[in-house]
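Notes follow once the structure below has been shown.
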Amino acid sequence: MLDVGLAVVSAVECAVEGVPFARDAGIPLGAGIVFGLLAGSVLVLRRRWPIAVVLVSIAITPAQMGFLMGIVGLYTLAASELPRRIIGSLAGMSLVGTLIVTFVRVRQDMARGDLTLGDWFVPFASITTSLGLTAPPVLLGLYVGARRRLMESLRERADSLERELQLLAERAEERAEWARGEERTRIAREMHDVVAHRVSLMVVHAAALQAVARKDPEKAVRNAALVGDMGRQALTELREMLGVLRSGETGAARRESVPLAAVGVAAAAAASRAVEDGGVADGPCLSDLDVLVGQSAAAGMVVELSVEGESRGYAAEIEQTAFRVVQEALTNVHKHAAGAKTRVRLAHRGAEVAMQVENEPPGEVSAASARLPSGGNGLVGMRERVLALGGVFVSGPTEAGGFRVSAVIPAS
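Rendered as structure tokens:
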């Protein structure tokens, strides 16, 4: 609508200016008006072909028409994305054309006596008029074009930043989901290690208690006491673990208003700390292996413990992982090879600690033996624990028909 309005005004201006042009040129008055209408209406094409508009305005400058078209055309040309050399060339042509036409017209007026000023007025009027009709629209167009390009650049940068923020938010959500998955896996592993071993021993003692309750009351009493001790130990470890989980949930509830990216980073850090901590607070260590082996022996397992090398302190997660590997391996012997002779070896080396649990083929299982179900997660949990510390885990049957579990964990 703006371009059509400007074209109408320009056509009317050129039509009016076409009247004196027709008189001076000696052509019919109607022809001068039609010429002015056609020339002025070219301004409607200023956005699509600004060069054509400026060239037409320069061409009709000698007829002293198209001043509005020249001003608007130069402004549109300067504000466009055309190369600066083209803009400068056309602006210079318009300046020179206006300067020459103004110089000739003013000098003719002075020659006819219409103007009685001095000779200095001719160049002054020519330069002032040409600069006034050329410089302002060109400078304004250059400014508007630069500002438009700057706004487009800022808009593109804002869109790019928005996309980057969206990607960061998605990555933070992925990290948070990964951290939650790692935390769930760790909790499941800890629950399995705590519950499976204790409950397995409780089931074994309960089966033995059922078998000897009438034949040997004293042994039945001892087995019942052992069952109670195992249950209390399992409950104590479960309470410690649930206490840690409850305190973590309380802290998470206080941070509900934290932004998504912060939640992702915090969750990832929490998961990392959880892995480093290796489980619940005050967890088991290698010095508790004697008690662990003694509990299995009290449940009827023939088990031997041998320690090689000089015992020394390790990081908490290393000792807890080594303990859990031995614990889960003994639990598997109770489940799958009840009554089999088992050997537990622990080796303290210079840069690592190694452990191995190997059992012989199981003998005939008595009718009173407990039937312990298996979830199939024991070996997987042991492998995950050892690999998380950069160690090596190997498990499989032996040539003699037994089963061997071996693990090597770096000492630092």
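Quick note on my numbering: the sequence shown kicks off at 1 and runs consecutively.
Don't be surprised by glycine CBs; every beta carbon is placed ideally from N, CA and C.
Notebook entry, point to check: CB-CB under 7 Å to V9, same chain, minus the five flanking residues each way: which ones, in chain order?
Noted result: Along the sequence shown, read from residue 1 onward, the residue named residue 9 stands at position 9. Contacts found: L68.
Next item on the list: Could you say which of A135, A79, A15, M230 lies nearest to R149 if we only look at CA atoms?
Entry: As a first step, residue 149 is located in the sequence shown; it is residue number 149 there, counting from the start. In this structure, A79 is the residue among A135, A79, A15, M230 with its C-alpha nearest to the C-alpha of R149.
Notebook entry, point to check: Between the region 28-46 and the region 85-96, do at least 3 Cβ pairs fall closer than 8 Å?
Noted result: no
Next item on the list: Mark F21 as exposed unless 16 or more other C-beta atoms lie within 10 angstroms of its C-beta, in which case mark it buried.
Entry: Numbered from 1 along the sequence shown, position 21 holds the residue referred to as residue 21. When all chains shown are included, F21 counts as buried.
Check: On the premise that R404 lies in contact with G472, defined as a C-beta separation below 8 Å, what is that separation, rounded to the nearest angstrom?
Finding: The structure shown has nothing for residue 472, since the chain only spans 1 to 412.
Notebook entry, point to check: When DSSP builds the beta bridges, which residues end up paired with S406?
Noted result: In the sequence shown, the residue the question calls residue 406 occupies position 406. For S406, which the question treats as bridged, DSSP gives the partners Q356, V394.
Notebook entry, point to check: Is V302 helix, strand or coil when you go by DSSP?
Noted result: Counted from its first residue, the sequence shown places residue 302 at position 302. Coil, per DSSP.
Note to self: Which residues does DSSP list as the beta-bridge partners of A7?
What the structure shows: Taking the sequence shown and counting its residues from 1, the one referred to as residue 7 is at position 7. Its beta-bridge partners do not exist; DSSP assigns none.
Notebook entry, point to check: the ligand SAM heavy atoms versus the CB of S395: any closer than 7 Å?
Noted result: In terms of ligand content, the structure shown is empty, and the ligand SAM therefore cannot be addressed.
Notebook entry, point to check: Which class does L150 belong to by DSSP, given the choice of helix, strand or coil?
Noted result: For the purposes of this step, residue 150 is identified with residue 150 of the sequence shown, where counting begins at 1. The answer is helix: DSSP assigns L150 an H, G or I state.
Notebook entry, point to check: Which same chain residues, not among the five before or five after A347, have their C-beta less than 6 Å away from its C-beta?
Noted result: In the sequence shown, the residue the question calls residue 347 occupies position 347. Around A347: E308, G309, A354.
Check: Would you call the CB atoms of L209 and A225 closer than 8 Å?
Finding: In the sequence shown, residue 209 corresponds to position 209, counting from 1. In the sequence shown, residue 225 corresponds to position 225, counting from 1. Not closer than 8 Å, so no.
Check: Exposed or buried, what is K215 when buried is set at 16 or more other beta-carbons lying within 10 Å of its beta-carbon?
Finding: Looking up residue 215 in the sequence shown gives position 215. K215 comes out exposed.
Check: For P50, is the classification buried or exposed, using 16 other Cβ atoms within 10 angstroms of its Cβ as the cut-off for buried?
Finding: Within the sequence shown, residue 50 is the residue found at index 50, counting from 1. It counts as buried.
Next item on the list: Report the partner residues of H472 according to the DSSP bridge assignment.
Entry: Because residue 472 is not part of the residues shown, which for the chain are 1 to 412, the question remains open.
Check: By how many angstroms is the C-alpha of M65 removed from the C-alpha of I33?
Finding: By one-based count along the sequence shown, residue 33 stands at place 33. By one-based count along the sequence shown, residue 65 stands at place 65. Spanning the alpha carbons of I33 and M65 requires a straight line of approximately 11 Å.
Check: What residues are listed by DSSP as bridge partners for E177?
Finding: Position 177 of the sequence shown holds residue 177. Bridge partners of E177: none, in fact.
Checklist line | Member of A298, M301, L305 whose CA lies at the smallest distance from the CA of L415 | finding: Outside the displayed span of the chain (1 to 412) sits residue 415, for which this structure offers no information.
Notebook entry, point to check: In or out: R175 buried (at least 16 other Cβ within 10 Å) or exposed?
Noted result: Walking along the sequence shown from the start, residue 175 turns up at place 175. Buried: at least 16 other Cβ atoms inside 10 Å.
Note to self: Looking only at its chain, what residues have a beta carbon closer than 6 Å to the beta carbon of A7, apart from the 5 residues adjacent to it on each side?
What the structure shows: What you label residue 7 is simply residue 7 of the sequence shown in a count that begins at 1. Excluding sequence neighbours, A7 sits near S41, L43, V44.
Notebook entry, point to check: What does R343 pair with, by DSSP beta-bridge criteria?
Noted result: Looking up residue 343 in the sequence shown gives position 343. DSSP output for R343 lists E304, E358 as bridge partner(s).
Next item on the list: Following the continuous alpha helix (DSSP H) through A78, name the residue where it begins and the one where it ends.
Entry: Looking up residue 78 in the sequence shown gives position 78. A78 -> alpha helix (DSSP H) spans 67-79.
Note to self: Please list the terminal residues of the continuous alpha helix (DSSP H) segment that includes R383.
What the structure shows: Here the question's residue 383 lines up with position 383 in the sequence shown. It spans 378-388 - the alpha helix (DSSP H) in which R383 sits, taken as one unbroken run.
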